[in-house]
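Right, one structure below, let's go through it.
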Amino acid sequence: MYEANTIKTNPAKRLSKLVQPYISDKIYSPSHTTTETVLKAMFETKSNTQMFVKLGSLHELIDEVLEVSKNIPLYSAISQNLNTAHTQLNPLTKWQDVRNTLNKPFWDSIDTISMFLDMQQDSIHIQSKELTEEELAELKKEVSELQERIIASDLDPLLKQHLNRHIKHVLDAIDDYRITGSLPVLDAVEGMCGHVVMQSNGNEQYQNTIKETGMFDTLSKFNDVFSFISTMQPLLPHAAKLLGN
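With the sequence shown counted from 1, adding 497 to any position gets you our numbering.
Printed below as a string of structure tokens:
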């Protein structure tokens with residue numbers, strides 16, 4: 498398991514990039530706009546179930562911001578707003594209430610905290626680098642293509658089912674990266690690798706089939722994209738040895 502405090506992306510920056518555009522966008526400024534409408538737009542979903550799952554992650558993100566900023570002088574300027582937002586961020590409220598709470602002075606404080614966290618990243622173990630939309634799209638494409646090759650492979654149907662479950666976890670974590678950051682992505686990749694390691698033990702046919710699906714190339718892509726995270730480095734050599742590369 499990766500240590501969370503070694504790879505956590507800046508939570509204040511994540512919160513700002515995720516929520517602030519929907520505070521400032523005039524499309525969502527009418528007083529009758531519901532929080533449910535905005536949340537579904539923010540999370541890019543029409544599903545109530547997905548909205549509630551991602552809303553839970555948003556509340557966890559707020560808790561992360563409160564935790565990492567508690568020793569920063571501006572903490573008192575944001576803590577009350579964020580605690581109020583915890584209550585207001587639910588589908589039954591009006592978005593105008595959230596906008597009034599998470600106002601411009603609040604975001605000015607969040608941006609200052611984000612800059613402070615970036616400057617202190619080595620001492621407080623926060624990663625300032627974030628993946629771009631292009632990098633995320635490329636990763637998702639890479640994993641989706643791997644999934645297609647595994648489905649088309651000669652793997653035992655039960656093994657195929659288990660492996661595809663791990664791949665779905667990776668895809669879901671990539672989708673949630675804007676909210677949850679790097680850790681869930683790397684945990685999902687680690688889980689996928691762990692499954693391959695267990696199933697490959699003494700099973701040469703399984704190893705050969707996995708090699709043919711291009712699993713190693715996909716892991717190489719993750720290693721390249723997450724090269725700024727030192728704890729990612731042991732993953733690729735281990736997989737390479739396992740798959741005979």
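Glycine included, C-beta positions come from ideal geometry on N, C-alpha and C.
Just so it is clear, the structure is predicted and the values come from calculations on it, not from any experiment.
Looking at the backbone, the Cα of Gly-711 and that of Thr-677 are separated by about 27 Å. When beta bridges are read from the DSSP output, Thr-531 appears opposite Lys-591. Taken atom to atom, the span from the alpha-carbon of Ala-634 to that of Met-695 is near 29 Å. If you compare the alpha carbons of Glu-645, Arg-675, Ser-641, Gln-658 with that of Val-667, the shortest gap goes to Ser-641. DSSP, read as helix, strand or coil, puts Asn-600 in coil.
Excluding sequence positions up to five before and after Lys-510, its CB lies within less than 6 Å of the CB of Ser-611, all in the same chain and listed in chain order. For the region 557-584, not one full-length alpha helix (DSSP H) segment reaches 4 residues or more. Between Gln-517 and Trp-592, the CB-CB gap reaches or exceeds 8 Å.
With contact defined as three or more Cβ pairs closer than 8 Å, the region 563-570 and the region 515-534 are not in contact.
Around the Cβ of Glu-639, a 10 Å sphere holds 16 or more other Cβ atoms; the residue is buried.
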